[in-house]
Structure formats: structure tokens, C-alpha cells
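A.B. asks: Numbering (this note's numbering), first residue to last: 31 to 394. From the three backbone atoms N, C-alpha and C, an ideal C-beta is built for every residue, glycine too. As the structure is a prediction and not an experimental result, all values here were calculated from the model.
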């Protein structure tokens, strides 16, 4: 009887504690797991609205190790790739939803329980202890890849089919919200592989240019953007410069032919057509230097060589002399006309040849 009294006295405060705990459980829609060794191994989260209220130790470690944001929408976006449909459940009706993994040979289940503003997320994963080593090694490799992507000097981001941003690196976040939204909108609205795009960031300010690349993954896509604003501006400056030169050369009476470093014709003026009678469509096709001089020989716009083999050798000597800026030659043509031909080096390995009709000077 005395023992019974002692037990009754001992259970009274315990019952009071359980009653209080029961009131707490009734007040919140989901009971929080006890801090046992077993529960700490489970990955579970409790949210009110978008705010994380509590998580198991294993869930906390996952957020830390994977550097995940702690909001409900962020976490569901992370799980979306593995458990399709996760992002759509939060806005649905109260229910218990079990989502199967879309990964091959993955038996994991994501259980999302929603009741009013409270959402409970549990990752039920029957991974055995034998896989722990493999997972830890994969974790190290993942951390290395994440570090590389995070520190990549150009913007990189990943988007789920729902349109939510699943991942982005520091370079993307530094772009600012306006430009970042424009990049996301363009990349998700167009079926592109590589495309150069102009974005207006501020009124009355020069635009930004990006080469946007995109490749698809199951249930998501990854995009990255290389800013080429300076390259585009340099190309435009060069284009304007060439147009200015072209307008200037168009008024010259001296024929001009400029060959690039690969010895392809890159620029000529109308006087070259007038003096050499070479067709405009032939010159516009960007023939190489040897083809141009062969055409001049065929049209008798230069002295006929006695030997074709030595003629090719002479052309090689001609090009070498023009590269050094020492080539000048007088051509006495069968028509009675006399041309002065000069070769001059130009920047970036280019060569310029000037064709000048000096018949009047010679006849004086």
C-alpha cells in the first residue's frame, strides 16, 4: 500500500507535464519529434507559412551541408528535381502527399503533410549503412562542384519546370534583380542553345550584351550567360571604322585590295574594278591572294610570266616583300597601259596592294 501511494505521488506531476505537453500538441498541428538518437537520423522539417519552425538534427545538417535556404518555397524547389510535384503541393488543399523519387533505383519518398498554414516535410529514405561511404564521397565531389559553380566568373542558374530558380551562383546574384529577371525570362521563354542577346538595363544607358547558353536536364534546365558587351562595342567600332574607310576609298582613283592574315580579300574599292576589270561578284566572294593574281594574269592585267612554275615562286617572293613593305613594281601591259603596283603591311598580319595607272606619267 505504501508503494502504491509513492507511485501515485510520483505520477501526479508527470501527468501534469504530459497534460501540458498535450495542450501544446493540440495547439500546433504537427507534433515535434522527440530528441532521440533515432529521430535525429530522420530528415524532417516543420513550417508555419514559409518560415521554418523546427527541424531534426539530420535535416539541420542537410541544410548546412548543401547550403540551402530555409524557406518552404526554397526547400520545395530543391526537392522538385528529385520529387516532381513538390512545389505545387504547398498551395494545395490540406492532405498527406507521398511523392516518389524520379531518380533511377531511388526508393526514397518525400512525405508532405499540409494542414492550414502548417506544413511538415519528411524524407523517407531507406538508404543502408553500406551506402554511407559512397554518399560521403559524393558529398565531397558535390561540394567541389558547388564551389566551382559558385566562383565561376559568369552567371549560372538552374530553373525547375515550374519556373522557380533552384540554384544560382554569386556572379548571377551580383547582376541585380532587374537584369537577372530579364535573363531568366529570356532563357525560359526561348528554345535556345547559344544566342547573343541585348538587354536594356537603364534608360539612356548603353545596353548589356550576353551570349546565353542553355541545356536541359530532367525536370529542369541550366543556363549561363557570358557578358560580351565590350566585344560587341569593339566590333561595332571596327564596323564603323571599316565603313568610314570604305567611303573614303570609294573616292580614290587608285585601286585598293586588302587581304587579311589568311590572305583572303577583305576589302576593295570601285577603282580596283575599273582598273583591273575584275568582276565585282568575283571580288565579293573574298578570293585568296593567289587566286586574285592568277585572275589578273588570265585577264592580261599584268605581264605574262614566261614560266608558270616560276610565276608561283615569284608570287611568294612578292608576298614576302609586301609583308616587309618593300614591294613596288611597274607593269607594262599588252594594252599599252602602265601600272604601278605597291604592297604594304597592315595591322594584324594584313596586306594592302595599291594599283595605280601611271600611263600618262610615263608617256610624258
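Would residue 271 be called buried (16 or more neighbouring beta carbons within 10 Å of its own) or exposed?
C.D. replies: Exposed.
A.B. asks: Contact check, residue 108 vs residue 196 under 8 Å by CB: the rounded distance?
C.D. replies: So it is a contact: roughly 7 Å between Cβ atoms.
A.B. asks: Closer than 7 Å by C-beta to residue 202: which residues in its own chain qualify, once you throw out the five before and the five after it? Chain order, please.
C.D. replies: These residues qualify, in order along the chain: 185, 186, 187, 210.
A.B. asks: Should residue 242 and residue 252 be called a contact, given that it needs their Cβ atoms to be closer than 8 Å?
C.D. replies: Against a cut-off of 8 Å, the Cβ pair of residue 252 and residue 242 comes out as no contact.
A.B. asks: DSSP three-state call for residue 374: helix, strand or coil?
C.D. replies: Strand, per DSSP.
A.B. asks: Just the C-alpha distance for residue 79 and residue 177, rounded to the nearest angstrom, thanks.
C.D. replies: For residue 79 and residue 177, the distance between alpha carbons rounds to 31 Å.
A.B. asks: Within 8 Å, do at least three Cβ pairs link the segment 276 to 285 to the segment 298 to 315?
C.D. replies: Yes, the segment 298 to 315 is in contact with the segment 276 to 285.
A.B. asks: What's the call for residue 215, buried or exposed, on a 16-neighbour Cβ count within 10 Å?
C.D. replies: Label assigned to residue 215: exposed.
A.B. asks: Where does residue 81 land, buried or exposed, given buried means 16+ other C-beta within 10 angstroms?
C.D. replies: Burial call: exposed.
A.B. asks: For residue 230, which residues of its own chain have a beta-carbon under 6 Å away from its beta-carbon, when the five flanking residues on both sides are left out?
C.D. replies: Hits under 6 Å: 237.
A.B. asks: For residue 111, is the classification buried or exposed, using 16 other Cβ atoms within 10 angstroms of its Cβ as the cut-off for buried?
C.D. replies: With 16 or more Cβ atoms within 10 Å of its Cβ, residue 111 is classed as buried.
A.B. asks: Is the beta carbon of residue 316 closer than 8 Å to that of residue 345?
C.D. replies: In this structure, residue 316 does not lie closer than 8 Å to residue 345 by Cβ.
A.B. asks: Counting only the same chain and skipping the five closest in sequence on each side, list residues whose C-beta sits under 6 Å from that of residue 392.
C.D. replies: Within the same chain, residue 392 has close Cβ partners 368.
A.B. asks: Does the structure place the segment 283 to 291 close enough to the segment 374 to 389 that three or more beta carbon pairs sit under 8 Å?
C.D. replies: Yes, the segment 374 to 389 touches the segment 283 to 291.
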